[in-house]
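Please read the structure below before turning to the comments.
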């Protein structure tokens, strides 16, 4: 039987909020893999951005696709371990592109090192069946949002 | 084997352009090509070791079995670690090597069957249920587009 690693209690309020939102949103019935592919392509585009706001916009859309793939899977498809694995490897690949794109700045270098830690946590998640991951892209987006106005 | 060529050509082009390597910086271009190709060397090991099996079953649709854990998330993590160390000596080279490797891994995951979290978890995953014909078609399109982009890049028009 498929076992999906459970979310930590720490994430409960955030998950409850997203679940409530999920019920109110009209979701097209398309395979979640399209969202995964979109997340990878958009993250890859970060390698070519010229300004911080462009990266921020792309990361923002990537985070939305990350939410949409899970929401779509829960509404229309059977939630499986293979889907969970596709989701986490998409997240790690997306983070790898976003932070590799920013390695010229200290923030990007720190987040790239945190990506190495997050990748280890991915292995720990499937080993222990307890989903453990740092919300790196979200944190990166917030830090960038603070940096952009201060650098102008 | 067509996927190897396609993924090498496309991943290395993305690496050199993303790292802003100039067309005359042949060392970096070579590093991108090597990094994008090295990933598929494990296929050779399994194809030679299990040649009797492949002779019986054929290669079509079976190459996902000829992957080591280095072809998966573990390999990507090791490439990231190597890039982090390389970054201390030559940031541009680190960027080129890592991006070429990462793009190739991502292409393999999206296009076929894989075991991304091996050896910890051996669940087989597949992003899209492509038929063999569809995979070949995508490979040809990506190869032609990447070849065109390489030509423009080397001509200094990109």
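Residue numbers (the numbering used here), protein chains in the order written: chain G, 707 to 858; chain V, 10 to 167.
Even glycine gets a Cβ: it sits at the ideal position worked out from N, Cα and C.
Fair warning: this is a prediction, and the values are worked out from it, not measured in the lab.
### Query
Between which two residues does the alpha helix (DSSP H) harbouring residue 772(G) extend?
For the purposes of this step, residue 772(G) is taken as the residue at position 66 of the first chain. From DSSP, the alpha helix (DSSP H) with residue 772(G) extends over 758-782.
### Query
Exposed or buried, what is residue 741(G) when buried is set at 16 or more other beta-carbons lying within 10 Å of its beta-carbon?
Along the first chain, read from residue 1 onward, the residue named residue 741(G) stands at position 35. Burial call: buried.
### Task
Determine, using beta-carbon pairs with one atom in the region 813-820 of chain G and one in the region 123-131 of chain V, whether at least three such pairs fall under 8 Å.
no
### Task
Identify the contact partners of residue 809(G) in chain V, using a Cβ-Cβ distance below 8 Å as the criterion.
Mapped onto the first chain, residue 809(G) falls at position 103. By Cβ distance, chain V contributes 96, 100, 103 and 104.
#### Entry: Given 8 Å, three or more beta-carbon pairs between the region 54-69 of chain V and the region 94-106 of chain V
no
### Query
Using a C-beta cutoff of 7 Å, does residue 130(V) count as contacting chain G?
For the purposes of this step, residue 130(V) is identified with residue 121 of the second chain, where counting begins at 1. Yes - at least one Cβ of chain G is within 7 Å of the one on residue 130(V).
### Query
For residue 783(G) and chain V, any beta-carbon pair shorter than 7 Å?
Taking the first chain and counting its residues from 1, one reaches residue 783(G) at position 77. Not an interface residue.
### Query
Between the beta-carbon of residue 40(V) and the beta-carbon of residue 106(V), is there less than 7 Å?
Looking up residue 40(V) in the second chain gives position 31. Looking up residue 106(V) in the second chain gives position 97. Yes, the pair counts as a contact, with Cβ atoms nearer than the cut-off.
### Task
Given a cut-off of 7 Å, decide if residue 713(G) and residue 837(G) are closer than it, judged by their beta-carbon atoms.
What you label residue 837(G) is simply residue 131 of the first chain in a count that begins at 1. What you label residue 713(G) is simply residue 7 of the first chain in a count that begins at 1. Yes, Cβ-Cβ distance for residue 837(G) and residue 713(G) is below 7 Å.
### Query
Within 10 angstroms of its Cβ, does residue 824(G) collect 16 or more other Cβ (buried), or is it exposed?
Reading the first chain from its first residue, position 118 is the one you call residue 824(G). Classification of residue 824(G): buried, given that the 10 Å Cβ count is 16 or more.
#### Entry: Whole-Å CB distance - residue 746(G) paired with residue 24(V), under 8 Å assumed
The residue you call residue 746(G) lines up with position 40 of the first chain. The residue you call residue 24(V) lines up with position 15 of the second chain. Wrong, their Cβ atoms sit about 15 Å apart, outside the cutoff.
### Message
At the level of alpha carbons, what is the spacing between residue 19(V) and residue 154(V)?
### Response
Counted from its first residue, the second chain places residue 19(V) at position 10. Counted from its first residue, the second chain places residue 154(V) at position 145. Spanning the two alpha carbons is a distance of roughly 8 Å.
### Any chain V beta carbon closer than 7 Å to residue 718(G)
In the first chain, residue 718(G) corresponds to position 12, counting from 1. Not an interface residue.
### Task
Using a cut-off of 8 Å between C-beta atoms, extract the partners of residue 799(G) located in chain V.
Translated into positions along the first chain, residue 799(G) becomes position 93. Neighbours of residue 799(G) on chain V, chain order: 85, 111, 114, 115 and 118.
### Task
Answer yes or no: do residue 109(V) and residue 12(V) have a C-beta to C-beta separation smaller than 7 Å?
Here the question's residue 109(V) lines up with position 100 in the second chain. Here the question's residue 12(V) lines up with position 3 in the second chain. No, they are not a contact pair.
### Within chain G, the residues that residue 167(V) reaches when beta carbons sit closer than 9 Å
Position 158 of the second chain, counted from the first residue, corresponds to residue 167(V). Those within 9 Å of residue 167(V) in chain G number zero; the least Cβ separation is about 12 Å.
### Query
When DSSP labels each residue in this structure, what does residue 713(G) get in the three-state scheme?
Within the first chain, the letter at position 7 stands for residue 713(G). Looking at residue 713(G) - three-state DSSP - the assignment turns out to be coil, as it is neither helix nor strand.
### Query
Going by DSSP, what residues sit across from residue 135(V) in a beta bridge?
Counting from one through the second chain, the residue named residue 135(V) turns up at place 126. Beta-bridge pairing links residue 135(V) to 122(V).
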